[in-house]
Amino acid sequence: MIIQSVIKKYQQELESLDLELLLAAAIARSREFVLAHPEYELSRKDYGKFARFAARRMEHKPIAYILGHKEFYGSDFKVNRHTLIPRPETEMMVEMALERIKGDKHESMSVIDVGTGSGNIAISIARGIKDSELLKEKTSLFAVDISEEALRVAKHNAKKNDVDKKIKFIKSDLLNEFIQNSKFKIPNSIIVANLPYLSKEIYSATMPDVKIFEPKSALYSARSGLSHYERLLEQIRKINGRKNGSISCAILEISPEQKQKLLEIIKEILPGVKTGFRKDLSGRWRMCVIDII
């Protein structure tokens, strides 16, 4: 069957982009090839592969899980059911962290990606500083997750993107390992965190693609979606309450409606800090930046 016929057969069942991407993956070509060669004939094996892909997509399985990878910040990342699928809006966090790193005047610093999942944030930051000898020498990178399965995926992605020697991967419930283990040296640290932040109401209303297939533990948080961030802020206060407090900044991804509630929590847990918010490309509050020390 030729590409044009396959598209005609499935166009009522699948969105055009999904159809083109699945066809491209089935024949191991680019989406551009699919669009430019409607006369290309699929082998029986390739058509069978596409039909299996299509069946999974019609069951709401996300494209990224069907294909096993997702692009983020110009790099390709393996994803599976143990990791959240990277979202375009999270690229803002990488850009903001790199701005902070490049503008920092200290001799050394650390970046801690809390809840790393597929490793997309830490790895993208590592790639962003890779070509600068000065930044490579001064910056330590940590990727933290409570899930061993997620950390395995993150380590794979780091090696795939040639930054595996630049990142220390740590199994930890948020910052617990840094609190309990003094061997971790984290001078002048920046926290980046895309933690679970969907409230019960928002999580319940998500699309089947998300609710059925993506890990709930990476999406839902109690107490209006802010339970994980509240615990993280408490841990930051504990670390900075020590003689040599070392966390200078935290960049958090949030749900837009949480802005005011999160600000109240920050004022209660970390009084006196400077807090700002930034909107995403859709004009919705997406990032919270806390300057701590």
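Heads up: the sequence shown runs through residues 998 to 1290, numbered per this note's numbering. Just so you know, even glycine gets a beta-carbon here, dropped at the ideal spot from N, CA and C.
Take ARG1234, set aside five residues on each side of it, and the residues of its chain with a beta-carbon closer than 8 Å to its own are ILE1266 and LEU1267, in chain order.
Counted as a single uninterrupted DSSP element, the alpha helix (DSSP H) harbouring HIS1153 occupies residues 1145-1157. The Cβ atoms of GLN1257 and TYR1194 do not sit closer than 8 Å to each other. From the listed residues ILE1082, SER1002 and ILE1199, the smallest Cα separation to THR1113 is found for ILE1082. Distance from LYS1075 to SER1115 at the Cβ level is roughly 7 Å; contact confirmed, criterion being Cβ atoms closer than 8 Å. ARG1049 has its alpha-carbon roughly 44 Å from the corresponding atom of GLU1096.
In this structure, the alpha-carbon of TYR1217 lies about 22 Å from that of ILE1109. Inclusion of GLY1273 and SER1252 in the CB contact set at 8 Å is not warranted, their separation being larger than that value. Judged by DSSP in its simplified three-state form, HIS1079 adopts coil rather than helix or strand. A direct Cα-Cα distance of roughly 46 Å separates SER1013 from LYS1271.
Where GLU1088 is concerned, the enclosing alpha helix (DSSP H) starts and stops at 1088-1100. Counting only unbroken stretches of 4 or more residues, the alpha helix (DSSP H) elements lying wholly within the stretch 1197-1241 are 1197-1201, 1205-1210, 1219-1222 and 1224-1237, in sequence order. For a cut-off of 8 Å, the C-beta gap from ILE1287 to VAL1189 is around 12 Å, too long to register as a contact.
The DSSP-derived three-state label of VAL1189 is strand. Here ASP1043 carries a helix assignment [DSSP, helix/strand/coil]. Judged by beta-carbon spacing, ASN1237 lies within the 8 Å limit of ILE1289, meaning their Cβ atoms are closer than that value. With a cut-off of 8 Å on Cβ pairs, the stretch 1014-1028 is in contact with the stretch 1047-1065, counting three or more such pairs.
In chain order, PHE1069, TYR1070 and SER1121 place their CB closer than 8 Å to the CB of GLU1088, counting only its own chain and leaving out the 5 sequence neighbours on each side. Looking at the DSSP output, LEU1138 bridges to VAL1108 and ILE1164. PHE1050 sits in a helix when the DSSP states are folded into three classes.
Counting the other CB atoms within 10 Å of its CB gives GLU1104 a total below 16, which places it among the exposed residues. The C-beta distance from ALA1051 to LEU1011 rounds to 6 Å, short enough to meet the 8 Å contact threshold. Of all C-beta pairs linking the stretch 1029-1046 to the stretch 1169-1179, fewer than three are shorter than 8 Å, placing the two stretches out of contact. According to the DSSP assignment, ALA1247 belongs to the beta strand (DSSP E) that extends over 1244-1250. One alpha carbon belongs to GLU1146, the other to ALA1140, and they sit about 13 Å apart. For the pair ASP1159 and ALA1123, the Cα-to-Cα distance works out to about 9 Å.
Straight-line measurement puts the Cα of LEU1229 at about 16 Å from the Cα of ILE1183. Non-local C-beta neighbours of HIS1079 in its own chain, meaning closer than 7 Å and more than five positions away in sequence, comprise SER1144, GLU1146, ALA1147, VAL1150 and PRO1212, ordered along the chain. For ASP1015, the uninterrupted alpha helix (DSSP H) run begins and ends at 1013-1023, by DSSP. In the structure shown, the three-state DSSP call for MET998 is coil.
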